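One structure below.
Number of protein chains: 4
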Amino acid sequence: MIRMIRPDFTLTVTCPDQKGIIAAVTQTIAVGGGNILNLSQHTAVDINTFLLKADFSVDEHFQRPDFEAAFQEVATRFQMEWQLHDKVTKPRVAILVSKTSHCLYELLLKHQDGELPCEFPVIVANHPDLAAVATQFHIPFFQVDVAKGKSDYEADVQKILEDYRIDTVVLARYMQILSPEFTRRWAFRVINIHHGFLPAFMGAKPYHQAWHRGVKIIGATAHFANENLDQGPIICQDTIQVADTCSIAEFVQMGKDVERKVLFEALKRFLNRQVFVYGGRTFILP
Amino acid sequence: MIRMIRPDFTLTVTCPDQKGIIAAVTQTIAVGGGNILNLSQHTAVDINTFLLKADFSVDEHFQRPDFEAAFQEVATRFQMEWQLHDKVTKPRVAILVSKTSHCLYELLLKHQDGELPCEFPVIVANHPDLAAVATQFHIPFFQVDVAKGKSDYEADVQKILEDYRIDTVVLARYMQILSPEFTRRWAFRVINIHHGFLPAFMGAKPYHQAWHRGVKIIGATAHFANENLDQGPIICQDTIQVADTCSIAEFVQMGKDVERKVLFEALKRFLNRQVFVYGGRTFILP
Amino acid sequence: MIRMIRPDFTLTVTCPDQKGIIAAVTQTIAVGGGNILNLSQHTAVDINTFLLKADFSVDEHFQRPDFEAAFQEVATRFQMEWQLHDKVTKPRVAILVSKTSHCLYELLLKHQDGELPCEFPVIVANHPDLAAVATQFHIPFFQVDVAKGKSDYEADVQKILEDYRIDTVVLARYMQILSPEFTRRWAFRVINIHHGFLPAFMGAKPYHQAWHRGVKIIGATAHFANENLDQGPIICQDTIQVADTCSIAEFVQMGKDVERKVLFEALKRFLNRQVFVYGGRTFILP
Amino acid sequence: MIRMIRPDFTLTVTCPDQKGIIAAVTQTIAVGGGNILNLSQHTAVDINTFLLKADFSVDEHFQRPDFEAAFQEVATRFQMEWQLHDKVTKPRVAILVSKTSHCLYELLLKHQDGELPCEFPVIVANHPDLAAVATQFHIPFFQVDVAKGKSDYEADVQKILEDYRIDTVVLARYMQILSPEFTRRWAFRVINIHHGFLPAFMGAKPYHQAWHRGVKIIGATAHFANENLDQGPIICQDTIQVADTCSIAEFVQMGKDVERKVLFEALKRFLNRQVFVYGGRTFILP
Numbered sequence: 000m001i002r003m004i005r006p007d008f009t010l011t012v013t014c015p016d017q018k019g020i021i022a023a024v025t026q027t028i029a030v031g032g033g034n035i036l037n038l039s040q041h042t043a044v045d046i047n048t049f050l051l052k053a054d055f056s057v058d059e060h061f062q063r064p065d066f067e068a069a070f071q072e073v074a075t076r077f078q079m080e081w082q083l084h085d086k087v088t089k090p091r092v093a094i095l096v097s098k099t100s101h102c103l104y105e106l107l108l109k110h111q112d113g114e115l116p117c118e119f120p121v122i123v124a125n126h127p128d129l130a131a132v133a134t135q136f137h138i139p140f141f142q143v144d145v146a147k148g149k150s151d152y153e154a155d156v157q158k159i160l161e162d163y164r165i166d167t168v169v170l171a172r173y174m175q176i177l178s179p180e181f182t183r184r185w186a187f188r189v190i191n192i193h194h195g196f197l198p199a200f201m202g203a204k205p206y207h208q209a210w211h212r213g214v215k216i217i218g219a220t221a222h223f224a225n226e227n228l229d230q231g232p233i234i235c236q237d238t239i240q241v242a243d244t245c246s247i248a249e250f251v252q253m254g255k256d257v258e259r260k261v262l263f264e265a266l267k268r269f270l271n272r273q274v275f276v277y278g279g280r281t282f283i284l285p
Numbered sequence: 000m001i002r003m004i005r006p007d008f009t010l011t012v013t014c015p016d017q018k019g020i021i022a023a024v025t026q027t028i029a030v031g032g033g034n035i036l037n038l039s040q041h042t043a044v045d046i047n048t049f050l051l052k053a054d055f056s057v058d059e060h061f062q063r064p065d066f067e068a069a070f071q072e073v074a075t076r077f078q079m080e081w082q083l084h085d086k087v088t089k090p091r092v093a094i095l096v097s098k099t100s101h102c103l104y105e106l107l108l109k110h111q112d113g114e115l116p117c118e119f120p121v122i123v124a125n126h127p128d129l130a131a132v133a134t135q136f137h138i139p140f141f142q143v144d145v146a147k148g149k150s151d152y153e154a155d156v157q158k159i160l161e162d163y164r165i166d167t168v169v170l171a172r173y174m175q176i177l178s179p180e181f182t183r184r185w186a187f188r189v190i191n192i193h194h195g196f197l198p199a200f201m202g203a204k205p206y207h208q209a210w211h212r213g214v215k216i217i218g219a220t221a222h223f224a225n226e227n228l229d230q231g232p233i234i235c236q237d238t239i240q241v242a243d244t245c246s247i248a249e250f251v252q253m254g255k256d257v258e259r260k261v262l263f264e265a266l267k268r269f270l271n272r273q274v275f276v277y278g279g280r281t282f283i284l285p
Numbered sequence: 000m001i002r003m004i005r006p007d008f009t010l011t012v013t014c015p016d017q018k019g020i021i022a023a024v025t026q027t028i029a030v031g032g033g034n035i036l037n038l039s040q041h042t043a044v045d046i047n048t049f050l051l052k053a054d055f056s057v058d059e060h061f062q063r064p065d066f067e068a069a070f071q072e073v074a075t076r077f078q079m080e081w082q083l084h085d086k087v088t089k090p091r092v093a094i095l096v097s098k099t100s101h102c103l104y105e106l107l108l109k110h111q112d113g114e115l116p117c118e119f120p121v122i123v124a125n126h127p128d129l130a131a132v133a134t135q136f137h138i139p140f141f142q143v144d145v146a147k148g149k150s151d152y153e154a155d156v157q158k159i160l161e162d163y164r165i166d167t168v169v170l171a172r173y174m175q176i177l178s179p180e181f182t183r184r185w186a187f188r189v190i191n192i193h194h195g196f197l198p199a200f201m202g203a204k205p206y207h208q209a210w211h212r213g214v215k216i217i218g219a220t221a222h223f224a225n226e227n228l229d230q231g232p233i234i235c236q237d238t239i240q241v242a243d244t245c246s247i248a249e250f251v252q253m254g255k256d257v258e259r260k261v262l263f264e265a266l267k268r269f270l271n272r273q274v275f276v277y278g279g280r281t282f283i284l285p
Numbered sequence: 000m001i002r003m004i005r006p007d008f009t010l011t012v013t014c015p016d017q018k019g020i021i022a023a024v025t026q027t028i029a030v031g032g033g034n035i036l037n038l039s040q041h042t043a044v045d046i047n048t049f050l051l052k053a054d055f056s057v058d059e060h061f062q063r064p065d066f067e068a069a070f071q072e073v074a075t076r077f078q079m080e081w082q083l084h085d086k087v088t089k090p091r092v093a094i095l096v097s098k099t100s101h102c103l104y105e106l107l108l109k110h111q112d113g114e115l116p117c118e119f120p121v122i123v124a125n126h127p128d129l130a131a132v133a134t135q136f137h138i139p140f141f142q143v144d145v146a147k148g149k150s151d152y153e154a155d156v157q158k159i160l161e162d163y164r165i166d167t168v169v170l171a172r173y174m175q176i177l178s179p180e181f182t183r184r185w186a187f188r189v190i191n192i193h194h195g196f197l198p199a200f201m202g203a204k205p206y207h208q209a210w211h212r213g214v215k216i217i218g219a220t221a222h223f224a225n226e227n228l229d230q231g232p233i234i235c236q237d238t239i240q241v242a243d244t245c246s247i248a249e250f251v252q253m254g255k256d257v258e259r260k261v262l263f264e265a266l267k268r269f270l271n272r273q274v275f276v277y278g279g280r281t282f283i284l285p
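Chains as they are written, first to last, in numbering that gives the first Met the number 0: chain A, 0 to 285; chain B, 0 to 285; chain C, 0 to 285; chain D, 0 to 285.
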């Protein structure tokens with residue numbers, strides 16, 4: 000019989016590198032009553048930046064306020080940015096969709112299977128097509144009217160996100176460009192899936208571009224949306240081999256499997272607190 | 000005991016699509032004394048183009064001139080471009096290199112292992128570093144002097160290629176841009192390896208570009224060199240996942256394995272007559 | 000604009016190898032009014048067996064009975080086994096399930112997306128858990144009572160399959176061993192997914208076996224069920240890398256993605272008439 | 000400009016899990032003058048075992064004997080097994096070969112490229128075929144006479160290994176079964192490559208077994224040799240897809256690429272101190 004101990008907390012830390020950081024961090028955890036189950040650490044030597052993620056379980060003596068006070072002293076000493084996430088409070092993630100269902104289904108099925116530690120309180124769409132899928136999974140579905148203009152449209156979306164106290168937004172093949180105001184407001188909290196292996200095939204119809212270029216691989220890229228279309232920090236990518244006997248329609252079909260896989264993996268990395276951002280790129284800790 | 004019958008000839012055909020082509024082709028082969036062992040056929044419906052590759056063995060009655068005369072009649076009727084390759088005459092391939100050895104070694108070792116049906120009569124370089132490798136494999140090595148200017152330099156290279164009656168040129172990490180005159184003269188007979196998953200990361204230092212962009216995959220692309228740098232028809236591509244904990248130096252190291260694999264595979268496809276070119280892209284038949 | 004011509008028929012042929020077969024086959028197709036769009040041919044030289052699959056479209060002069068009569072003459076001459084499949088008549092496939100949903104969802108979603116050219120008229124289960132999924136996709140669901148004994152149980156299943164005029168059965172993680180009578184009756188028409196890279200990890204709990212053996216890859220295998228458990232002819236396989244930091248529960252989760260992919264791919268190959276069986280193994284034509 | 004700081008030491012630790020271990024370890028490193036660049040930690044909860052690998056650089060105050068004395072106190076307190084490896088002293092690895100060159104070349108070329116932090120002081124063979132390769136790379140080559148019987152033969156091998164002060168042995172397609180005496184003496188210091196995805200296809204001629212079973216993937220496994228043939232703890236594995244049109248000879252050729260990749264990767268993991276062994280399996284830390 001294999002006993003599974005699940006961590007109670009995840010701590011993430013970023014700071015300028017120097018000696019003694021891990022010792023200070025782990026000592027504080029141990030004194031507070033925590034037992035580390037997994038620790039990943041890396042120093043990005045090109046920018047002298049220390050990155051750490053630690054999962055730990057706690058005993059009955061652990062008191063979160065006491066730990067946070069103690070840790071803040073360490074943090075001040077080392078100029079840390081840090082976050083402590085408990086495993087009970089789940090992030091509230093909104094899914095934005097258009098007409099295509101494969102990415103939406105992937106997220107909902109993986110969630111149903113217990114693989115995504117978040118809640119999906121609401122689905123927002125600019126088309127009515129996927130309302131039935133939302134209903135199947137008992138999730139409120141809102142179709143927002145695009146015709147009223149981007150500004151009013153995004154105000155409506157924003158209101159829904161606020162009403163449902165949303166932390167993070169996933170664009171699951173949401174075919175609508177977000178305004179700079181929106182992406183700035185939700186900086187590093189909007190995950191998009193692009194159906195090309197960026198930076199190749201930015202913009203519209205990447206599979207058409209790929210087919211005409213005669214590439215032998217197609218791919219997909221999950222990234223944070225920012226104000227520059229398809230240029231935000233990349234979170235996850237993958238590719239598959241394609242044959243020249245494939246039509247564009249077959250590229251589109253085969254690509255769906257890569258898209259859903261990459262988007263799921265990106266959200267999982269994000270929810271597992273593996274994604275660090277600096278200098279226009281991400282850094283994924285194992 | 001498994002008996003291997005090896006094909007004696009490979010026939011490749013391209014023509015406008017219409018009914019009855021395969022019947023005419025295969026009937027001619029059968030009447031001439033050939034037995035088809037593998038046949039791949041595809042119709043590129045977007046341009047109404049028929050593509051065929053057939054490997055066949057022959058009996059003692061087969062006479063090549065008779066077959067070619069008979070086949071020319073079929074070819075004329077269907078407006079075919081066609082080529083008949085026997086398996087005894089091996090293409091003569093020159094390898095051009097600079098300082099890096101991994102692609103050169105891959106080609107020479109795979110050749111030594113019987114996996115590349117060609118001859119490597121000569122290695123040409125713009126640096127002396129790899130002369131010892133050529134010597135190990137008993138292949139003449141010429142270092143051509145770059146200092147004398149591109150025009151004179153390429154005249155020297157051209158002379159060597161002619162002296163050794165070269166059919167095809169492989170650029171095995173040859174860090175020198177070829178002139179339009181040279182690539183036109185050797186159109187669809189120069190195979191280059193680029194260390195990026197084209198069309199991403201064209202030009203110099205693709206691994207540096209990739210690292211700074213924060214991509215999660217790196218790759219390589221083998222393509223025909225043409226007068227537009229890194230834009231010729233693609234023959235083979237592949238990618239691998241990389242971790243953000245990798246340095247640029249590690250990208251370069253890990254990339255070597257993809258480069259050598261993709262270049263080898265591209266040359267193998269070319270030698271096996273699988274590569275058809277039309278409209279700026281290739282079409283690889285299985 | 001890219002025009003897609005879809006084939007109207009697929010012809011499959013197996014016979015002892017000799018000269019002139021392809022010519023005879025393709026000539027008959029051309030004379031009958033067919034235009035071949037894709038042709039795959041291979042000779043399994045170890046058993047001197049010729050295999051062919053041809054997809055062709057037809058013009059208005061094509062008459063199926065005339066073609067079949069003409070082709071039967073060719074078939075007799077070459078001792079062929081052959082089948083002609085039109086693209087309108089779709090195979091009727093029953094899905095058998097237990098409690099796990101990922102393979103079932105994969106088949107239903109891919110079907111909904113137009114990627115599986117068959118019908119799913121019925122779902123049969125030995126547990127009630129997946130009834131709601133069947134309802135979502137408007138497919139009749141039957142839970143058969145296992146308690147009544149294998150013989151009666153299988154008689155019930157057989158009756159359902161007959162009532163729904165089923166051609167082919169897919170076991171989508173159906174955790175019930177079929178009797179030799181059943182597998183013989185449905186020989187080469189029952190496709191099963193096993194959650195191990197066979198022939199490793201036959202039998203129960205393959206992920207547990209894999210974890211304890213300390214393997215670095217896990218995989219899945221789709222195969223025809225026959226009377227020897229997990230030993231029928233293999234149709235499709237794949238593997239993924241796993242880390243030693245993974246628990247058995249994570250093996251199970253990660254394995255689901257491989258299982259659904261391999262089962263979908265196996266059914267697709269089967270429906271596309273790519274799967275030939277001989278000598279205890281399959282031969283998949285491209 | 001990216002500055003690379005290379006670690007000076009790697010510390011590995013195994014012990015029963017309890018609170019405070021990482022704090023104690025990292026505190027000792029910091030006090031001793033070390034700066035941790037990468038730290039991987041995992042707790043194998045099924046056996047309550049703590050595993051840690053830390054790479055650190057040191058300042059001018061670091062004194063190895065002082066550090067070792069200080070660390071031994073920590074080690075005693077937590078019942079640790081531990082090792083401290085400096086990056087200057089390189090393991091001395093002997094390569095044992097028979098007739099096939101691809102694995103040998105891979106190790107020598109990767110070593111030449113700076114990717115394997117070890118020395119290859121000697122190559123031992125039971126056939127003369129690869130002597131020329133050893134000469135190319137200026138490595139002493141010994142052919143030991145198999146005819147004299149396994150016991151005398153292995154005594155000769157052992158003497159060579161001692162003469163060259165060998166730490167670790169790599170069997171690079173060495174087609175000779177080692178005696179239990181030999182494998183026990185060199186326990187967890189002999190790395191073998193098997194050309195099958197173990198535990199499938201143990202024993203002789205795995206590619207023949209695979210072809211006749213009709214599998215759709217082939218693979219390779221690097222493992223520690225122990226007294227049970229092909230059953231030692233696995234270090235690295237990989238597979239590739241194969242087509243049914245491939246002959247056994249093509250399986251053998253395609254398999255070579257997997258074998259050399261897996262053997263190289265296994266040795267790299269071993270030299271990077273990532274490989275922990277317990278309970279008949281390995282545990283690879285990232």
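A virtual CB, placed ideally from N, CA and C, is assigned to each residue, including glycine. The model shown is predicted, which means the values in this text are computed figures rather than measured ones.
Item	Value
So if DSSP puts Thr238/C in a beta bridge, which residue, or which two residues, is it bridged to?	Gly218/C
Does the beta carbon of Tyr206/C sit closer than 7 Å to a beta carbon anywhere in chain A?	no
For the segment 28-39 of chain C, enumerate the residues whose C-beta is nearer than 9 Å to any C-beta of chain B, in chain order.	Ile28, Ala29, Val30, Gly32, Gly33, Asn34, Ile35, Leu36, Asn37, Leu38 and Ser39
Measuring only the C-alpha atoms, how far is Lys147/C from Phe187/D?	54 Å
Among Leu160/D, Asp151/D, Lys109/D and Asp112/D, which has the Cα closest to the Cα of Val121/D?	Leu160/D
What residue from Gly113/D, Gln252/D, Phe269/D and Met79/D has the CA that sits closest to Thr13/D's CA?	Met79/D
Nearest to Glu105/D by CA position, among Phe136/D, Ile176/D and Lys86/D, is which residue?	Phe136/D
In this structure, what does DSSP give as the bridge partners for Asp54/C?	Thr9/C and Asn37/C
If we call anything under 7 Å between Cβ atoms a contact, is Ala203/D one with Leu262/D?	no
Taking 7 Å as the threshold (beta carbon to beta carbon), is Thr11/A in contact with chain B?	no
Would Cys102/A and Leu270/A qualify as a contact pair, given that the criterion is a beta-carbon distance under 7 Å?	no
For Ile283/C, count neighbouring Cβ atoms within 10 angstroms of its own Cβ and tell me buried if that reaches 16, exposed if not.	buried
I want to see whether chain C comes within less than 7 Å of His41/B, judged by CB atoms only; does it?	yes
Kindly list, in the order they appear in chain C, the residues whose Cβ is closer than 8 Å to that of Tyr104/A.	Tyr104 and Leu108
Taking Glu114/D as the query, report the chain B residues whose CB atoms sit under 7 Å from its CB, ordered along the chain.	Gln252
Please list, in chain order, the chain D residues whose beta carbon lies closer than 9 Å to that of Gln236/B.	By Cβ distance, chain D contributes nothing, its closest Cβ being about 17 Å from Gln236/B, past 9 Å.
Give me the subset of the segment 49-71 of chain B whose CB atoms are less than 7 Å from a CB atom of chain C, sorted by chain position.	none
List the residues that DSSP assigns as beta-bridge partners of His84/A.	Thr9/A
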